[in-house]
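Residue numbers (full-length UniProt numbering): 1 to 114. All residues carry an ideal CB built from backbone N, CA and C; glycine is no exception. Note that this is a predicted model, so its numbers are computed, not measured.
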């Protein structure tokens with residue numbers, strides 16, 4: 001709920017990719033909607049790939065922080081950021097959800113026959 005903070009993060013870590021003020025609220029709402037749909041298993045055919053693209057793009061942009069979270073060889077001590085490293089696990093989890101989508105018997109899609 002802080003567009004200025006989101007713009008600062010975008011400028012610092014993502015090269016200003018999504019730094020437009022007008023984009024922050026719709027982008028945040030879209031991410032929340034996708035996240036909720038993933039959690040309850042609704043529209044999995046669309047939201048799992050959407051989540052994978054969003055997370056994959058995010059990882060590509062911050063690749064140095066993923067490969068060197070402790071700042072040992074690509075980054076230095078002042079620019080290291082270990083908080084990005086879990087993004088890799090979340091992305092891997094998304095790929096697993098995609099791979100085993102048909103095995104999920106507890107999703108709303110399955111319950112509603114979508």
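- Query: Contact check, residue 59 vs residue 85 under 8 angstroms by CB: the rounded distance?
  - Reply: Between residue 85 and residue 59 the Cβ distance is about 10 angstroms, and since that is not below 8 angstroms, they are no contact.
- Item | Outcome for residue 93 when other beta-carbon atoms lying within 10 angstroms are tallied against a minimum of 16 | exposed
- Measure the C-alpha to C-alpha separation of residue 88 and residue 34 and round it to an integer number of angstroms. 18 angstroms
- Message: Within a Cβ cutoff of 8 angstroms, which residues of the same chain sit near residue 70, ignoring the five residues on either side of it in sequence?
- Response: 80 and 82
- Query: From residue 105 to residue 111, what distance separates their C-alpha atoms?
  - Reply: 8 angstroms
- Item | Which listed residue (28, 23 and 37) has its alpha carbon closest to that of residue 109 | Residue 37 is the option with its Cα nearest to residue 109.
- Message: Using only the alpha-carbon positions, how far apart do residue 78 and residue 99 sit?
- Response: 38 angstroms
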